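**Student:** Take 1 as the starting number for the sequence shown in the UniProt record's numbering and just add one per residue.
Here you go, one structure.
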Amino acid sequence: KKLSPNDIDLFISAEIPNPDIDPVLHEVIIKSMIHGPCGSINPTSPCMKGGKCSKRYPRPLTKETITGDDGYPTYKRRSPQDGGRTVNLKLRQGNVVSIDNSYIVPFSPLLSRSFNAHINVEYCNSVKSIKYICKYVNKGSDQAVFTISNQNDEIEIYQTGRYISSSEAVWRIFSFPIHQRHPAVIHLAVHLENGQRVYFSVDNVSERLLNPPPTTLTGFFELCKIDPFAQTLLYCDVPSYYTWNGKKFNARKQGVPVPGNPSVYKSDALGRVYTVHPNNTECYHLRMLLHKIPGPTSFLCLKTVDGQVYETYQAVCKALGLLEDDDHWDVALTEATVSESPGLIRDLFVVMLSFCHVSDPLLLWNKHRDSMAEDILHRLRQQSDDINLDFDERMYNEALILIEDRLYLASSKKLSDYGLPSPNRDNIPLFDSEYLRETSYNTEEQLRFVQENEVKLNSEQTAAFHQIIQSVEQDLGKVFYLNAAGGMGKSFLINLLLSKLRAQKKIAIAVASSGIAATLLNGGRTAHATFKLPLNLGVTETPVCSIKKNSTLAQILRNTSIIIWDECTMAHKAGMEALDRTLRDLRETNKLLGGITVVLSGDFRQTLPVIPKGTRADEVRASVKSSYIWKHVHMLTLTINMRVQLGGGKADADFAKQLLDVGDGKITNINNEIELTHSMGVLVDCLEDLINQ
Numbered sequence: 001k002k003l004s005p006n007d008i009d010l011f012i013s014a015e016i017p018n019p020d021i022d023p024v025l026h027e028v029i030i031k032s033m034i035h036g037p038c039g040s041i042n043p044t045s046p047c048m049k050g051g052k053c054s055k056r057y058p059r060p061l062t063k064e065t066i067t068g069d070d071g072y073p074t075y076k077r078r079s080p081q082d083g084g085r086t087v088n089l090k091l092r093q094g095n096v097v098s099i100d101n102s103y104i105v106p107f108s109p110l111l112s113r114s115f116n117a118h119i120n121v122e123y124c125n126s127v128k129s130i131k132y133i134c135k136y137v138n139k140g141s142d143q144a145v146f147t148i149s150n151q152n153d154e155i156e157i158y159q160t161g162r163y164i165s166s167s168e169a170v171w172r173i174f175s176f177p178i179h180q181r182h183p184a185v186i187h188l189a190v191h192l193e194n195g196q197r198v199y200f201s202v203d204n205v206s207e208r209l210l211n212p213p214p215t216t217l218t219g220f221f222e223l224c225k226i227d228p229f230a231q232t233l234l235y236c237d238v239p240s241y242y243t244w245n246g247k248k249f250n251a252r253k254q255g256v257p258v259p260g261n262p263s264v265y266k267s268d269a270l271g272r273v274y275t276v277h278p279n280n281t282e283c284y285h286l287r288m289l290l291h292k293i294p295g296p297t298s299f300l301c302l303k304t305v306d307g308q309v310y311e312t313y314q315a316v317c318k319a320l321g322l323l324e325d326d327d328h329w330d331v332a333l334t335e336a337t338v339s340e341s342p343g344l345i346r347d348l349f350v351v352m353l354s355f356c357h358v359s360d361p362l363l364l365w366n367k368h369r370d371s372m373a374e375d376i377l378h379r380l381r382q383q384s385d386d387i388n389l390d391f392d393e394r395m396y397n398e399a400l401i402l403i404e405d406r407l408y409l410a411s412s413k414k415l416s417d418y419g420l421p422s423p424n425r426d427n428i429p430l431f432d433s434e435y436l437r438e439t440s441y442n443t444e445e446q447l448r449f450v451q452e453n454e455v456k457l458n459s460e461q462t463a464a465f466h467q468i469i470q471s472v473e474q475d476l477g478k479v480f481y482l483n484a485a486g487g488m489g490k491s492f493l494i495n496l497l498l499s500k501l502r503a504q505k506k507i508a509i510a511v512a513s514s515g516i517a518a519t520l521l522n523g524g525r526t527a528h529a530t531f532k533l534p535l536n537l538g539v540t541e542t543p544v545c546s547i548k549k550n551s552t553l554a555q556i557l558r559n560t561s562i563i564i565w566d567e568c569t570m571a572h573k574a575g576m577e578a579l580d581r582t583l584r585d586l587r588e589t590n591k592l593l594g595g596i597t598v599v600l601s602g603d604f605r606q607t608l609p610v611i612p613k614g615t616r617a618d619e620v621r622a623s624v625k626s627s628y629i630w631k632h633v634h635m636l637t638l639t640i641n642m643r644v645q646l647g648g649g650k651a652d653a654d655f656a657k658q659l660l661d662v663g664d665g666k667i668t669n670i671n672n673e674i675e676l677t678h679s680m681g682v683l684v685d686c687l688e689d690l691i692n693q
C-alpha cells in the first residue's frame, strides 16, 4: 500500500523541531541535521560544484508533503510565513546567518533522539528502490572456490566458502534471529513424461529404470484420479491442502476447514513449481499448463483440449490462447524490474528475442522500456544536474543501441529482424563497447604500420617476432617471456606484434601491470581492469577472475589469439594463475592459459611484486618465477640497446652498461649498499641544485 503524505509525516520530518515541546530533539537537529549551509550565503561550502549545491540544497519550501509515482517525495518544509521555524547559525567565517527549513536534511525524530547523530531517513515509494538502496540484499554472499588436497587421495574436493561482514558477525553474537520463513514453501517438481531424475547404482539400474521413484508431479496426477476435491486444484495450490511424504500426497489433518468439503483443511503453506529455462521448450510449456489447468490426471490429459490430443505442450498453450499476448514474458520482465539492474533487464530481453520466440516484441518493449533505460536516465540527470529530467526518445534510442549490440553478439541479428525500431546511431556513444574495442581496429592502418616498421627490427627482435607469430598462426598456445632491459626495443616489438595480428582481424589483448606501462602499448590497459582480477589476491589460495561465462568479456577471451602482459615481473603470481584458471574454464580446455599464445615481458632487475609488510622471501615467493606457469615459459632475450644506438654517444653506452651492472649485482657491495661512481651522475648539495643541473 502506498503511504499518504500524512503517513510519511508521522515518521519523517524535514523541519526544525519546536524547542519548547522537544528541546532535546531541537538541539540534535540543529547540531547534526543542517546541511551546509551553502548556496548564496556560503558559496565556499564543499558541496558547491559549478556554483550549485551538488546535494540540491536549499530545497523548495512547501506547506505539505507531496508524493509522486517514483523517486523521493517532496517533504513538508514550511516557510516562516506558514509557521516554519528559523535558527541563527554561526559560520566558520564568524558571520551569523538565519537558517530555515530549506536546509534541513530529512530525519526520523525517533532515531535522531535515540542516537543523537546524523541519520538521514528517506521514503522510497517504489518496491524497485530496494535494488538500489539495499544492493547487497539481491547480490548474494561473497564466495570463493578453493580446493582441499589429500596426498593419499587422488580426488580433489572442491568446496564453496563465504565470509561474513562485521555487521553480520555482531548480529550473530547477540543471537538476533538470522532469518524467518513463513509460510512454509513447498518445492514442486516439473519434468516431462519419464523425465524424472533417477538415482541408481550398477546393481539396481534395471530395477530403478522399470520402477522410477514417484515425484510430486506424478503424485499429483495419482491424487487427482481418486480425490474429487484435488481435481479442482492447480498444481501449485495442492500443498495448501495436502502434505507430501515422499511417495504420495495425504490430506492435511489441521488447518482451516474448507466449506462444503468435510475432512478437507487448508493451511498457509505455499507451493512453488521449479523454474524452467525457456530454451527447454516442452518442459517450459508444461510448467505453464500446470499453472492453468486444474486437476489433470496424466501427461496425456494435459495434451488434450476439447477432445483433441496435441503433439506438444507448446501447441496446447497456443490452442488455449496462452501465448498470444506474451503474458509469461511480460511477467518475467515485470519480476526482473523489482530486483535487477537495467543492464540485466536488457540482457533478459535479448535472451527472449534470441531464443524464446516472443510473439509481439514491440509490445514488450513499449511496456518495459522505462525499466531498460532507467540507468541512462539516472546518468543524464547527474550530467545535467536536473532531477526533474524525464524519459525521452534520446534515452530510449540509447537503450535500443545497447540491446542491439548484445543481440548481435548473441544471434547475429538486428532489432529490425524482430519488428522492433532500428536505433539511430548518429553521435550516440556506446555503453557496452568491449567487443567493438577489441575488434574495430582499422586494418589498413595496422597493415601500413607493420609494412613500415617490420624492416626496422634487429636480428634478436626478428627471431622473437617470428617465433611468436608462428605460435599464433599454428595455434600452438605457447607462453613466452620477453626478457629485455630498458631501451632494448621491447615496446616497439610488442606494438608491431599487436598490429600484425590486428591487421589479420585477430583479437590481440595488450595489458600491463601498471597504468603508465599500459599507455605505451597500442590499445593497452591494466591487467586488473581487463581481466577483472580480485583486488586482494591473497584472500583465497586459488583466486579466479570475476568474469561471467555469458558476458562480452568472456566472448572476447574465447576468440582471443594472443595476450601480451607487459611488466609482468611486478605482478603477483596469483593474478596470472587466476587468469589461467579462468581461461581454462571459459574456453573449456585443460590447456595452459586456455591454449592462448601468451607473451610475458619485463625485467626482473626492476621492481618485484610489492607485498605489504613482507620480507624479501615473500616478494620472491610472489614472483611469477615461483608460479607453476613459469616452467612452461619459452625464454626470448633482447640484448641490443636500441635507445643507445639511436642516441649515439659512447657515454650513453657506458651509462646503459653501468645500469645493467647494478641490476645484475656486479657493482661492489659494501655493507649491503651499492657504491656508484661519479660517472653515474652529478653530485649536488641540495634539491634546487639538482633541478638546475
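Just so you know, even glycine gets a beta-carbon here, dropped at the ideal spot from N, CA and C.
All of these numbers come straight from a predicted model, not from anything done at the bench.
1) Check each candidate in G477, Q382, P37, M570 and name the one with the smallest Cα separation from H632.
2) If contacts are defined as beta-carbon pairs under 8 angstroms, then L61 and S40 qualify, I think. What distance do you get, rounded to the angstrom?
3) For a test of the three-state rule: what should DSSP assign to M488, helix, strand or coil?
4) Only counting the same chain, and skipping five residues up and downstream in sequence, which positions put a Cβ closer than 7 angstroms to that of P609?
5) Let me confirm a value: A529 is counted as buried when at least 16 other C-beta atoms fall within 10 Å, else exposed. Which label applies?
6) Name the two residues that bound the continuous alpha helix (DSSP H) containing R616.
7) Could you spell out the range, first to last residue, of the beta strand (DSSP E) harbouring Y408?
8) Rank Y313, G271, C38 by C-alpha distance to the C-alpha of M288 and give the top, closest one.
9) Just to check my reading of the structure: C545 and T582 have Cβ atoms closer than 8 angstroms, yes? What is that Cβ distance to the nearest angstrom?
10) On the CB-based measure, 16 or more other CB atoms within 10 Å of its CB, does H368 come out buried or exposed?
11) Taking only the alpha-carbon atoms, compute the straight-line gap between G489 and E168 and give it to the nearest angstrom.
12) Comparing alpha-carbon positions, which option in S267, T615, R77, G246 lies nearest P257?
13) Which same chain residues end up closer than 7 angstroms to C224 when comparing Cβ atoms and leaving out the 5 residues on each side of it in sequence?
14) Evaluate Q446 with the Cβ neighbour count: other Cβ atoms within 10 Å of its Cβ, from every protein chain shown; 16 or more gives buried, anything less gives exposed.
15) Grouping DSSP H, G and I as helix and E and B as strand, with all else coil, what is V190?
16) Could you work out which residue in S206, L377, V198 is closest to P213 when comparing CA atoms only?
17) Excluding five sequence neighbours on each side, which residues of the same chain lie with their C-beta closer than 6 angstroms to the C-beta of C686?
18) Ordered along the chain, which non-local residues of its own chain (more than five positions away) have a Cβ less than 7 angstroms from that of N101?
19) What residues in its chain sit with their C-beta under 7 angstroms from that of I640, if we drop five residues either side in the sequence?
20) Would the segment 167-186 count as touching the segment 268-277 if we require 3 or more Cβ pairs under 8 angstroms?
21) Along the alpha helix (DSSP H) that carries G515, what are the first and last residues, could you check?
22) Look at the Cβ atom of I507, then the Cβ atom of N559, and state whether they are nearer than 9 angstroms.
23) When you compare the segment 350-357 with the segment 377-388, are there three or more beta-carbon pairs, one atom per stretch, that lie closer than 8 angstroms?
24) Please go through the same chain and pick out, in chain order, the residues whose beta-carbon is closer than 7 angstroms to the beta-carbon of K413, but skip the five residues on each side of it.
25) Assess contact between the segment 582-594 and the segment 491-500, defined as three or more Cβ pairs (one per stretch) separated by less than 8 angstroms. Is contact present?
26) For F176, count neighbouring C-beta atoms within 10 Å of its own C-beta (all shown protein chains included) and say buried if the count is 16 or more, exposed if not.
27) Is F449 buried or exposed, if buried means 16 or more other CB atoms sit within 10 Å of its CB?
28) Give the DSSP bridge partners of H634, in chain order.
29) In chain order, what residues of the same chain have a beta carbon less than 6 angstroms from the beta carbon of G246, not counting five sequence neighbours either side?
30) For L420, which residues of its own chain have a beta-carbon under 7 angstroms away from its beta-carbon, when the five flanking residues on both sides are left out?
31) Here's the rule: buried if 16 or more other CB atoms are within 10 angstroms of the residue's CB, otherwise exposed. What is V4?
32) By the DSSP assignment, the alpha helix (DSSP H) with I30 in it spans what residues?
33) Of all the options V455, L638, K318, G594, which has the alpha carbon lying nearest to the alpha carbon of I562?
34) Please classify P43 as buried or exposed, where buried requires at least 16 other C-beta atoms within 10 Å of its C-beta.
35) What is the DSSP secondary structure of I119, reduced to helix, strand or coil?
36) Indicate whether D227 and A189 have their beta-carbon atoms separated by less than 9 angstroms.
**Tutor:** A quick look at the data gives this:
1) G477
2) Actually they do not touch by this definition, with Cβ atoms about 16 angstroms apart.
3) coil
4) M570, A571, H572, E619, A622, S623
5) exposed
6) 616-622
7) From DSSP, Y408 is part of no beta strand (DSSP E) but of the alpha helix (DSSP H) over 393-411.
8) Y313
9) 4 angstroms
10) buried
11) 54 angstroms
12) S267
13) A230, Q231, G295, P296, T297
14) buried
15) coil
16) V198
17) none
18) A14, E15, I16, L61, R77, R78, G84
19) N458, E460, M488
20) yes
21) 515-518
22) yes
23) no
24) L407
25) no
26) exposed
27) buried
28) F480
29) none
30) P361, L362, W365
31) Residue identity differs from the one stated: residue 4 is Ser in this sequence, not Val. Exposed: under 16 other Cβ atoms inside 10 Å.
32) 23-32
33) G594
34) exposed
35) coil
36) no
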